[in-house]
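Numbering (the numbering used here), first residue to last: -10 to 219. Inspection log for the structure reproduced underneath, given as structure tokens.
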């Protein structure tokens, strides 16, 4: 896995990288549980970024965070503001802490979110977004509304979102904010968002902040999941 704080990826590009890496690593017997967790968290961040684009029509980029350097967040998502006179202008970014509610999970969703991300022992930077990727079909949104009601007793005001598929066979997704309010319900199709907003977007952007330079930029087609940082 390759990490560099200069590198930001179009979510559509990173989704393809993660799928290709999973197939390649699985074929040679090197798909460990830790690697699979990284791939799944990256995919969850990318799907959320695409949903944000569907919501406000603003292109996003995703950055992977090295867990050996930073214990939190799991990923960052940056806004790409429309460039004035052709010059690229970068917007703000948000830290995203990710947890996945697996298909076999039997714990109540609100209890799961409280236990894993919203308990008193967890400390996050101000503005961190909590994202719960749900590996179950979102058949109606009553579960999410009930979850939002159950989270009303949480003292912190971290924006907390749930994300899941509405169709197990197609890339139809929905996300909603479930804390501190229940709103921002957005349904979208991954392929539609990708073809509409990302068809001519570079897969990798190098962003140099504060005078920091990247000495060896990656080549076209670079897959961060198949390259070591060392």
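Cβ atoms here follow ideal geometry from the backbone N, Cα and C, with glycine treated the same way.
- Counting along the chain, residue 194 sits inside no alpha helix (DSSP H); it lies in the beta strand (DSSP E) bounded by residues 193 to 195.
- 114 is the residue among 203, 114, 205 and 131 whose C-alpha sits nearest the C-alpha of residue 64.
- For residue 102, the enclosing alpha helix (DSSP H) has its first and last residue at 98 to 105.
- The alpha-carbon separation between residue 101 and residue 42 amounts to approximately 27 Å.
- Three or more Cβ pairs drawn from the region -4 to 6 and the region 171 to 189 lie within less than 8 Å of each other, which places the two stretches in contact.
- Residue range 48 to 53 is occupied by the beta strand (DSSP E) that includes residue 50.
- By the C-beta density criterion, residue 95 is exposed, having fewer than 16 other C-beta atoms within 10 angstroms.
- Shown here, residue 132 sits in a helix according to DSSP, grouped into three states.
- Residue 52 sits close to residue -4, with the two beta carbons spaced by under 8 Å.
- For residue 165, the enclosing beta strand (DSSP E) covers residues 161 to 168.
- The region 16 to 41 is shown to contain no whole alpha helix (DSSP H) run of 4 or more residues.
- Annotated as distal: residue 117 and residue 152, with beta-carbon spacing of 8 Å or more.
- Taking a cut-off of 8 Å on C-beta distances, the region 21 to 32 does not touch the region 153 to 171, as fewer than three cross pairs fall below it.
- Exclusion of the five residues before and after residue 81 leaves 67 and 68 as the residues of its chain whose Cβ lies within less than 8 Å of its Cβ.
- According to the DSSP assignment, residue 183 belongs to the alpha helix (DSSP H) that extends over 179 to 186.
- Residue burial is scored here from C-beta neighbours: residue 216 has fewer than 16 other C-beta atoms within 10 angstroms and is therefore classed as exposed.
- Assignment of residue 1 by DSSP, reduced to helix, strand and coil, places it in the helix class.
- Taking the CA atoms as reference points, residue 154 sits about 7 Å from residue 160.
- When C-alpha distances from residue 134 are compared across 125, 144, 150 and 23, the shortest belongs to 150.
- Contact between the region 173 to 182 and the region 198 to 209 is not established, with fewer than three Cβ pairs separated by less than 8 Å.
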